[in-house]
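Residue numbers (our numbering), protein chains in the order written: chain A, 276 to 522; chain B, 87 to 340.
Quick reminder that beta carbons are idealized off the backbone N, C-alpha and C, glycines included.
Everything below concerns the one structure shown next.
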């Protein structure tokens, strides 16, 4: 089978299906997410939901405080963007705009699942228009829903989205999925600390690394504190210490 | 797996099979072909320096400046296509002005950097346009103190304490990393910036060049201006002397 002839001609235009019914540009967009080299993990517990991502500052001259992949969208909803950073910021800005418009028109804050659906629908449009490319990012969204509690959603360049008990995106997402599936069979994290621990442990395991506070970014939403909160370096340090001491 | 661009590099709205947008990477190459630009953030302010390569002796000195001001407290130095820079700086001026109109205060560096980054990123989405072939270095003093950002053709932007773009960026970065940016004064940073530009300049490739230096600091009333002539002369003298010293050292070693 010559895969070259199957690829040639269909890859370039996003609106065209290949003979096997694939959209190559969308698949290539997924590759762009893995190429970014970072992995992010989200875990939902009984009363809380946590996102964790790597913080890699490649250049000594970079001001580390300006490097972040975690963004707040509304007071109760935030996200971690994995993939091409500029595309990530584009999507965050759009998400903020959508959420603000919703609040303005309807008088109450948008729910996490509605925002995820809206962002996914926007992503889908990019897979059907010839003049645009899909964004090379995956958005893991967390938030507190007044009626349903902690929520965790993920959107991707294909326009697909789903709610998760735990999910991952980026270079090592497949390994992270395997790890999380095993872990969640036995226990669902009960409190915030356990949720944080499971998320950090997942990253540690798939990246085979022991983290220091400056290598991670963590954000939390919980019943006691339903506002989207990014942990400070000190708080991250405390969590890591607690996890280490437990072992 | 092929990573050649052929076929996948014709428009910015196409991914290659390994998930790269080649048009953006090519835009970065356009930046790497231009004269070096650096920025240094120290406690008292920010210094920008540009190696302005001149293609003819007929050019009037001090004309065709590559460091521009956008909003009195914002300085922009760039490496890459000058015409794209002018477009981007015009947009930055509009954004800064717009911010001031709405919020009645000077735009903070973070906001300006974000707006520039988003604007540049927008040009990497549609097949009807091409990406900007510039890396812009943004210097600003706001309530959080001196700030330095660099916006790349992909729209990626990060805050820096020292950054470089253009032909001599590797050499410049090596020199910048040696500096103790926390301790330098603005005056010292000016001299160091000049020295680094002269050091990164490759005489074999382009003989004619002009050094452009600008700063934002207390001495300039927190406004972005080109450094005064006497400061410029002092910096050039320091830079030329440092080059001579290097040459002497090499001779001694022989």
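List the endpoints of the continuous beta strand (DSSP E) containing residue 420(A). Within the first chain, residue 420(A) is the residue found at index 145, counting from 1. Counting along the chain, the beta strand (DSSP E) containing residue 420(A) begins and ends at 412–420.
Three-state secondary structure (DSSP) of residue 228(B): Walking along the second chain from the start, residue 228(B) turns up at place 142. Strand.
Determine whether the beta carbon atoms of residue 357(A) and residue 314(A) lie at a separation below 9 Å. Walking along the first chain from the start, residue 357(A) turns up at place 82. Walking along the first chain from the start, residue 314(A) turns up at place 39. Yes, the Cβ-Cβ distance between residue 357(A) and residue 314(A) is below 9 Å.
State the CB to CB distance for the pair residue 332(A) and residue 417(A), rounded to an integer number of angstroms; the pair is presumed to be in contact (CB under 8 Å). On the first chain, position 57 is the one that residue 332(A) refers to. On the first chain, position 142 is the one that residue 417(A) refers to. 24 Å between Cβ atoms; not a contact.
When the Cα atoms are used, what is the spatial distance from residue 155(B) to residue 116(B)? As a working note, residue 155(B) is residue 69 in the second chain. As a working note, residue 116(B) is residue 30 in the second chain. Spanning the two alpha carbons is a distance of roughly 23 Å.
As assigned by DSSP and simplified to three states, the class of residue 165(B): Counted from its first residue, the second chain places residue 165(B) at position 79. Strand at residue 165(B).
Going by alpha carbons, who is nearest to residue 311(B) out of 109(B), 163(B) and 246(B)? Here residue 311(B) corresponds to residue number 225 of the second chain, with the count starting at 1. Ranking 109(B), 163(B) and 246(B) by Cα distance to residue 311(B) puts 163(B) first.
Classify residue 281(B) as helix, strand or coil using the three-state DSSP reduction. Position 195 of the second chain, counting from 1, holds the residue named residue 281(B). It is helical.
Tell me whether residue 468(A) sits in a helix, a strand or coil according to DSSP, three-state version. Your numbering for residue 468(A) matches position 193 in the first chain. Helix, per DSSP.
Output needed for residue 444(A): all residues of its chain with C-beta closer than 7 Å, excluding positions within five of it in sequence on either side, in chain order. Working through the first chain from its first residue, we reach residue 444(A) at position 169. Result list for residue 444(A): 308, 315, 357, 413, 415 and 429, in chain order.
With a 10 Å radius around its C-beta and 16 neighbouring C-beta atoms as the bar for buried, classify residue 353(A) as buried or exposed. Position 78 of the first chain, counted from the start, is the residue given in the question as residue 353(A). With 16 or more other Cβ atoms within 10 Å, it is buried.
If we count the other Cβ atoms within 10 Å of its Cβ and call it buried at 16 or more, is residue 106(B) buried or exposed? Here residue 106(B) refers to the residue found at position 20 of the second chain. By the neighbour-count rule (16 or more Cβ atoms within 10 Å), residue 106(B) is buried.
Can you give me the start and stop residues for the beta strand (DSSP E) that residue 243(B) sits inside? Position 157 of the second chain, counted from the first residue, corresponds to residue 243(B). Per DSSP, residue 243(B) belongs to the beta strand (DSSP E) from 243–245.
CB-CB under 7 Å to residue 166(B), same chain, minus the five flanking residues each way: which ones, in chain order? As a first step, residue 166(B) must be located in the second chain, where it is residue number 80. Once the five neighbours on either side are set aside, the close Cβ partners of residue 166(B) are 116, 117, 120, 219, 220 and 221.
Confirm, please, whether the CB-CB distance from residue 512(A) to residue 488(A) is below 9 Å. The count along the first chain starts at 1 and reaches residue 488(A) at position 213. The count along the first chain starts at 1 and reaches residue 512(A) at position 237. Yes, Cβ-Cβ distance for residue 488(A) and residue 512(A) is below 9 Å.
For residue 307(A), which residues in chain B fall below 8 Å Cβ to Cβ? The residue you call residue 307(A) lines up with position 32 of the first chain. Within chain B, the residues near residue 307(A) are 101, 105, 106 and 107.
Burial state of residue 202(B), where buried means 16 or more other Cβ atoms lie within 10 Å: Against the second chain, residue 202(B) aligns to sequence position 116. Its Cβ being crowded by 16 or more others within 10 Å, residue 202(B) is buried.
Pairing CB atoms from the stretch 464–479 of chain A with CB atoms from the stretch 323–332 of chain A, are three or more of them under 8 Å? yes
Using the C-alpha atoms, what's the distance from residue 196(B) back to residue 209(B)? On the second chain, residue 209(B) is found 123 positions in, with the first residue counted as 1. On the second chain, residue 196(B) is found 110 positions in, with the first residue counted as 1. Each residue's Cα considered, the two are about 20 Å apart.
Along chain B, in chain order, which residues have C-beta atoms closer than 9 Å to that of residue 381(A)? If you number the first chain from 1, residue 381(A) lands on position 106. Simply none; closest approach about 25 Å.
Top-ranked residue by Cα proximity to residue 343(B), from 179(B), 185(B), 170(B) and 188(B): Because residue 343(B) is not part of the residues shown, which for chain B are 87 to 340, the question remains open.
Looking at chain A, is there any beta carbon in it that lies within less than 9 Å of the beta carbon of residue 298(B)? Residue numbering aside, residue 298(B) sits at position 212 when the second chain is read from its first letter. Cβ-Cβ to chain A under 9 Å: no for residue 298(B).
Which residue or residues does DSSP assign as beta-bridge partners of residue 312(B)? Here residue 312(B) corresponds to residue number 226 of the second chain, with the count starting at 1. Bridge partners of residue 312(B): 300(B).
First and last residue of the alpha helix (DSSP H) that includes residue 364(A)? Numbered from its first residue, the first chain carries residue 364(A) at position 89. Element bounds for residue 364(A): 360–381.
Keeping to the same chain, check which residues put their C-beta closer than 8 Å to that of residue 501(A); ignore five residues upstream and five downstream. Along the first chain, read from residue 1 onward, the residue named residue 501(A) stands at position 226. Answer for residue 501(A): 351 and 419, listed in chain order.
Measure the C-alpha to C-alpha separation of residue 295(A) and residue 238(B) and round it to an integer number of angstroms. Taking the first chain and counting its residues from 1, the one referred to as residue 295(A) is at position 20. Taking the second chain and counting its residues from 1, the one referred to as residue 238(B) is at position 152. Cα to Cα, residue 295(A) sits roughly 38 Å from residue 238(B).
Would you call residue 291(A) buried or exposed, if buried means 16 or more other Cβ atoms sit within 10 Å of its Cβ? Start at 1 with the first residue of the first chain, and residue 291(A) comes out as number 16. Residue 291(A) comes out exposed.
Mapping DSSP to helix, strand and coil, what is residue 111(B)? Position 25 of the second chain, counted from the first residue, corresponds to residue 111(B). Note: residue 111(B) maps to helix in three-state DSSP.
Going along chain B, which residues have a C-beta under 8 Å from residue 407(A)? Counted from its first residue, the first chain places residue 407(A) at position 132. Per Cβ cutoff of 8 Å: 99, 211, 212 and 213.
Close beta carbons around residue 101(B), own chain, < 8 Å, minus the five adjacent residues each side: Reading the second chain from its first residue, position 15 is the one you call residue 101(B). Excluding sequence neighbours, residue 101(B) sits near 94 and 107.
Straight-line Cα distance separating residue 318(B) from residue 286(B): Taking the first residue of the second chain as position 1, residue 286(B) is located at position 200. Taking the first residue of the second chain as position 1, residue 318(B) is located at position 232. Approximately 18 Å between the Cα atoms of the pair.
Min CB distance residue 337(A) to chain B below 9 Å: In the first chain, counting from the first residue as 1, residue 337(A) sits at position 62. For residue 337(A), the answer is yes, since a Cβ of chain B falls inside 9 Å of its Cβ.
Using DSSP bridges, identify the partner residues of residue 429(A). Translated into the one-based positions of the first chain, residue 429(A) becomes position 154. According to DSSP, residue 429(A) bridges with 415(A) and 437(A).
Assigned secondary structure, residue 138(B) (DSSP; H/G/I helix, E/B strand, else coil): Taking the second chain and counting its residues from 1, one reaches residue 138(B) at position 52. DSSP places residue 138(B) in strand when its eight states are reduced to three.
Supposed contact pair residue 439(A) and residue 347(A) - C-beta distance, whole angstroms, cut 8 Å: For the purposes of this step, residue 347(A) is taken as residue 72 along the first chain, with counting starting at 1. For the purposes of this step, residue 439(A) is taken as residue 164 along the first chain, with counting starting at 1. Residue 347(A) to residue 439(A), Cβ: 20 Å. No contact.
In this structure, what does DSSP give as the bridge partners for residue 493(A)? Numbered from its first residue, the first chain carries residue 493(A) at position 218. Looking at the DSSP assignment, residue 493(A) forms a beta bridge with 327(A).
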